[in-house]
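Scroll down for the structure; my scribbles are underneath it.
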Amino acid sequence: MNKFYVALFFILQMKFAFAQQETGIYGKIIDAKTQNPLGLVVVTVQNTNLMQLTTADGNFKFEKIPSGNLFILIHSQGFKEALYPVEIQEGQMLDLGTIPLEDDQSIEQQGSLIALTESDFSDDNSGSENTSGLLQSSKDAFQQAAAFNWGQARFRIRGLDSEHSTMMINGVVMNKLYDGRPQWGDWGGLNDATRNQEFSVGTSPSDYTFGGILGTQEINTRASIYRPGSRISFSGTNTNYSWRMMGTYASGMSDKGWAFVVSAGKRLATEGYFEGTNYDANSLFLSVEKKLNDSNSLNVTAFYTPNSRGKNSPNTAEVSELTSEKYNSYWGFQNGKKRNSRKKTIEEPIVMLNHYFKINDHTNLNSSLMYQFGKIGNSNLDYQNANSPDPTYYRKMPSYYSSMYAKDNGEFSGEFTPDYQNAEKSKALFLANSQVDWNAMYQANQSPIVASNGSISGYEPAKSKYILYEDRNDDKTMVATSIFNTQLNETVFMNAGGSFKNLKSHNYQKVLDVLGGLYFDDIDGFYSGNQSQSDLNNPNRQVVVGDEYGYNYNYVANTLDAFTQFKFSYNKVEFYLAQSFSSTNYQREGLYKNGIYETNSFGKSEKVLFENFGFKGGITFKISGKQLLIFNGAHLTKAPTIRNTFPNSRLNNVVVDGLQSENISSLDASYVFRSPIVKARLTAYYTSIKNGTQTSFFYADGIFDDGAGYTNTSAFVSQTLTHVNKKNLGAELSLEYQINPTLKTTFSAAFGQYTYDSNPNVTVTNDAEASLENTNPVFDFGTALLKNYKQAGMPQQAYALGIEYRDPKYWWIGANINYLDNSYIDVSPIARTNHFYTNPASGFNFPEATEERAKELLKQEKFDPTTLLNLTGGKSWRIYGKNVGLFASINNVLNTTYKTGGYEQARNANFRQRNQDVSSGTPSFGNKYFYGYGRTYFVNLNINF
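This is the structure:
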């Protein structure tokens with residue numbers, strides 16, 4: 003018996019000794035307000051490859067971790083990120099106890115952000131719907147400032163458009179093949195349903211794709227990962243919409259293996275911040291998951307977010323001075339209500355099927371199928387044999403008369419002959435009729451009924467001179483994707499994936515309203531005979547509401563993408579290597595035989611094929627538990643978009659001559675410091691984009707050389723730039739300092755130099771010169787001297803200083819002041835070619851075209867710097883067991899007026915016309931500008947059940 007007790011004592015001592023040798027930490031995460039445990043919280047030991055998700059009861063436990071001073075990072079969507087210093091001693095398990103996480107009400111700023119970034123400006127799918135959406139999941143102070151403070155001024159991180167980012171939902175890339183950009187409106191208003199996000203900055207590695215040089219955003223809508231419960235919210239603002247309501251319910255995983263999430267929302271405004279900009283949007287979301295067994299789950303996600311909004315016009319300084327910065331020329335009164343002639347409508351339902359296959363504890367295979375269909379429409383007014391309905395048409399403005407010159411005197415300019423009397427009359431007439439005149443258009447579309455006595459007894463519908471139409475894109479997209487992730491050993495991780503995408507896009511004009519008339523002739527009134535016909539297979543058509551007319555064609559596109567990535571993680575260093583390959587082909591199929599291009603408009607174009615590759619890598623040096631040194635580099639080629647492949651797609655099958663893939667190189671280096679008191683990041687970056695292609699359309703006066711035989715020196719033209727090189731370099735600073743437990747200050751800075759790095763070649767297509775013998779009337783204007791001109795449409799320098807107070811009683815207030823500078827006008831390339839100096843009537847240079855004056859005329863306009871003050875605040879309560887939160891913000895408190903972008907009008911495309919226009923002091927074709935919001939507010943009340 004004594005031997006038995008001795009043996010038992012020895013065994014217990016051995017067990018205790020082994021237990022003492024275990025080194026690690028453990029704890030429990032709870033909601034600070036409800037005191038309930040939080041599952042699926044990400045707990046990471048900083049600068050190691052150790053990461054866990056908390057269990058359903060909030061517990062986590064790390065064993066066999068290195069001893070010393072470490073930092074534990076705790077992160078969960080909807081809660082403030084927490085960073086705790088710990089001292090790990092060899093042979094001890096450290097109990098961190100119960101760790102509360104506080105609500106992060108700053109996520110409500112996403113609602114305010116969406117209101118600011120959904121507004122598209124100069125383009126129907128503009129880059130202003132761009133990088134801000136990529137920032138919503140980031141906690142970096144710099145990126146928060148870029149989204150919420152600088153986003154209202156159209157700031158772009160590193161000067162890059164969203165076509166250089168990769169937007170994903172459940173592993174499926176959502177960037178459009180037409181222009182490479184995500185269509186944010188396809189999931190707009192689903193803030194609650196799209197909060198489960200992962201984000202990689204720049205070329206840093208993503209587990210889901212090779213990615214672009216701007217970054218990757220992955221939204222996960224798997225039903226089982228949503229925190230169970232209900233949430234409703236009510237919002238009010240004076241930006242794009244006036245009010246919003248959302249409701250979301252997540253069931254969590256049931257005992258029978260089912261989970262589902264439903265969400266719905268509504269946004270509405272009879273008029274947004276700018277005049278006549280109405281807004282109507284609905285949002286519906288459903289995600290259902292079935293757990294088949296411990297290794298397999300199926301998830302179906304469907305969402306539909308139909309939305310329509312009125313656009314606002316860019317305006318010249320003359321127009322804004324006569325009216326205001328809120329003036330919008332696109333609307334007019336009809337029957338006492340404001341009606342906008344230019345609306346953007348998006349209705350593109352999306353359905354996804356995902357299979358989640360857990361092969362073993364270290365390996366997963368996730369596969370996706372997606373189908374998207376629907377329409378995007380952009381409305382406008384069309385007219386024949388009638389005056390322009392645009393109230394700001396240049397002939398209706400005072401400057402048309404005050405900038406007049408006499409006809410040229412031989413080779414020399416005519417005299418300045420302003421007509422100030424008619425300018426004053428024009429001013430009075432414009433101020434009295436400064437909006438679209440819907441009643442006048444209805445009247446023009448009717449003919450008088452003449453009684454037997456010769457009097458007019460009434461009016462009846464006739465052939466329409468004016469109609470409302472829309473440019474339609476009806477896309478059908480199918481995608482199949484598989485992503486494989488595995489941990490090969492303790493230090494090596496592999497990601498691999500492949501994706502196939504098929505697009506069939508139907509593009510056409512559709513009659514929306516004949517405005518009181520009977521029909522509209524399907525012809526181009528600027529041409530005659532066969533050339534006036536939209537479709538020679540069906541000539542002289544008379545179209546009515548619902549009919550297609552003008553142009554009609556399909557795009558068919560296919561892409562195949564694959565990537566592999568290896569990540570290596572060691573105690574003092576991490577590095578990764580990734581590579582990608584893609585094959586892309588495009589084809590246009592004309593459904594109309596256009597009268598201008600009889601031989602190359604109907605039927606299928608040649609198939610255009612691109613094969614592209616990419617390589618990237620990076621290394622992270624773990625200097626200490628607080629400090630990191632990170633280097634990333636990438637080189638890739640990128641296929642041109644469909645938009646830039648077919649320069650005159652509405653009329654013919656022509657492909658840009660000598661079209662090439664872009665060559666892109668990117669480098670960045672960062673120093674990161676993180677502690678509970680100070681969080682800082684300093685990044686320097688360099689990006690080179692070569693062999694770009696850009697296509698645009700405009701009306702140009704006096705660009706064709708009459709001496710060379712071009713009888714018409716003015717025309718509506720298609721302009722294509724090739725061999726466009728861009729260089730972006732700069733630095734970013736993010737600094738956050740916790741002064742005390744309740745007071746925090748932040749400072750962010752962006753300093754960039756974004757320039758053109760080449761003199762691209764300019765070609766112009768003049769449809770008026772097309773014939774059976776000349777099926778591609780392209781004129782080579784040579785090179786445009788754009789090198790060292792600034793890239794337009796964004797501030798290249800931005801600074802933000804903020805302070806925030808968070809009270810222990812769950813209320814907080816913050817303020818930030820922002821300074822934005824170095825924003826430039828978008829210049830006209832054609833005015834920077836040698837043809838700018840050539841007299842189209844003689845072929846000789848203008849005698850008055852001196853180098854000094856040309857330099858003045860072609861100097862790129864720099865916008866005034868902008869200072870913006872913003873205030874934010876919030877409060878949360880626990881009422882009858884429910885969490886109630888209130889968030890409010892006021893942007894641009896000082897109501898500063900500022901320009902967010904603009905462009906030079908290309909209409910005066912030679913020296914004499916531009917010189918005369920500018921010298922008059924009241925240019926008729928001055929630069930057009932977009933303005934930012936003045937003082938705006940956003941208020942959100944949310945209730946969590």
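Going by our numbering, the sequence shown opens with residue 3, and the numbers climb by one from there.
We put the beta carbon where it would ideally sit given N, CA and C, even for glycine.
Predicted model only: the values in this text are computed from it and were never measured.
7 Å Cβ cutoff met for residue i and residue j
i	j	result
A580	F212	yes
Y251	S232	yes
V481	V726	no
L822	A155	yes
T493	F570	yes
F612	A641	yes
N763	P779	no
N742	R160	no
N472	K512	The amino acid occupying residue 472 in the given sequence is Glu; Asn does not appear at that position. For E472 and K512, yes; Cβs fall inside 7 Å.
T278	N337	Strictly speaking, residue 278 in this sequence is Gly, with Thr absent from that position. No. Outside cutoff.
I945	V895	no
L55	F81	no
I691	E664	yes
E863	I827	yes
S415	S922	no
Q798	N836	no
DSSP bridge partner residues for residue i (one or two, in chain order)
i	result
F359	N298, L367
K864	Y826
G635	G619, L669
P1	Any answer about residue 1 is impossible in this case: the structure gives the chain only from 3 up to 947.
E220	M170, E200
E738	K681, T748
P39	I32
M480	Y373, N504
V263	A252, S289
T279	Answer is none; T279 lacks a bridge partner.
A733	A686, F753
Identity of the residue in the options nearest residue i by Cα
i	options	result
N912	A843, L870, K864	A843
Y812	E550, Y332, F889, Q199	F889
R645	S690, K729, Y557	Y557
W260	F287, G274, F236, Y228	Y228
K792	R855, L860, T785, V766	L860
P678	V88, I67, R855, L52	V88
G93	F144, G26, T36	G26
G334	W440, P308, P230, K63	W440
V680	H77, T748, L661	T748
S381	K346, G527, N942, F604	K346
G70	P649, L737, G627	G627
L723	D384, N841, V658, E850	V658
K465	L745, Q199, D515, T586	D515
N497	S607, S297, T365, Q589	T365
Y28	E426, V44, G99, S237	G99
Segment limits, alpha helix (DSSP H) that includes residue i
i	result
N441	440–446
K427	422–434
S921	913–921
L859	853–859
F144	143–146
Boundaries (first-last residue) of the beta strand (DSSP E) holding residue i
i	result
P400	P400 -> not in any beta strand (DSSP E); alpha helix (DSSP H) instead, spanning 400–404.
N61	61–65
K574	Counting along the chain, K574 falls outside any beta strand (DSSP E), and DSSP gives it neither H nor E.
V47	44–47
S235	231–239
E417	Segment: none, E417 is in no beta strand (DSSP E) and carries neither H nor E.
L943	938–946
A802	799–809
E462	458–463
Taking 8 Å as the threshold, find out whether the stretch 337–344 comes into contact with the stretch 311–320 through three or more Cβ pairs. yes
Pairs of beta-carbons, one from the stretch 543–553 and one from the stretch 521–529, closer than 8 Å: are there three or more? yes
Can you confirm whether the stretch 347–363 touches the stretch 302–311 when touching is taken to mean that 3 or more C-beta pairs between the two stretches lie within less than 8 Å? yes
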